[in-house]
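Encoded as structure tokens, the structure appears first; notes follow it.
Here it is in structure tokens:
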């Protein structure tokens, strides 16, 4: 198992002003996901988080949408990238918010939250591309 650094909002988490949240266990990850979904349940658009391996330079990273019913995972590393693949319209976009900034993703990357949660747990367990993300080789 690895440790994850997660960026969710701009509120400092420690005395040095860092906004990163460190997650070390599956229970901590579930607690954070549940907290974010609860805190943003009444927002016009769901939240996004950024996730990287703690203490790893040039870490692979996840961009994750956390909605009530659906979300997504985008993965990027030095050698590959990819997204979850759902059944939404690839020509439509869905709104998300990351640290107060509006973002749009194709509706086709949205999947059930159970799939998003499974992918985050896989990343915590192995630090590699989650199996729920379809890989795109980078040249």
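In the numbering used here, the protein residues as written are -4 to 134.
Each residue gets a CB set at the ideal place from its N, CA and C atoms; glycine is no exception.
Exclusion of the five residues before and after residue 122 leaves -3 and 48 as the residues of its chain whose Cβ lies within less than 6 Å of its Cβ.
Taken through DSSP and simplified to helix, strand or coil, residue 94 comes out as coil. Taking a 10 Å sphere around the C-beta of residue 11, we find fewer than 16 other C-beta atoms and assign the residue as exposed. In this structure, the beta-carbon distance from residue 3 to residue 44 falls below 7 Å. Of all alpha-carbon atoms in 129, 112 and 127, the one lying nearest the alpha-carbon of residue 25 is that of 112. The C-alpha of residue 27 lies about 11 Å from the C-alpha of residue 20. Taking the Cα of residue 91 as reference, the smallest distance to any Cα among 74, 58, 107 and 18 is reached at 58. The straight-line gap separating the alpha-carbon atoms of residue 131 and residue 108 is approximately 22 Å. Classified as buried, residue 105 has 16 or more neighbouring CB atoms from the shown chains inside 10 Å of its CB.
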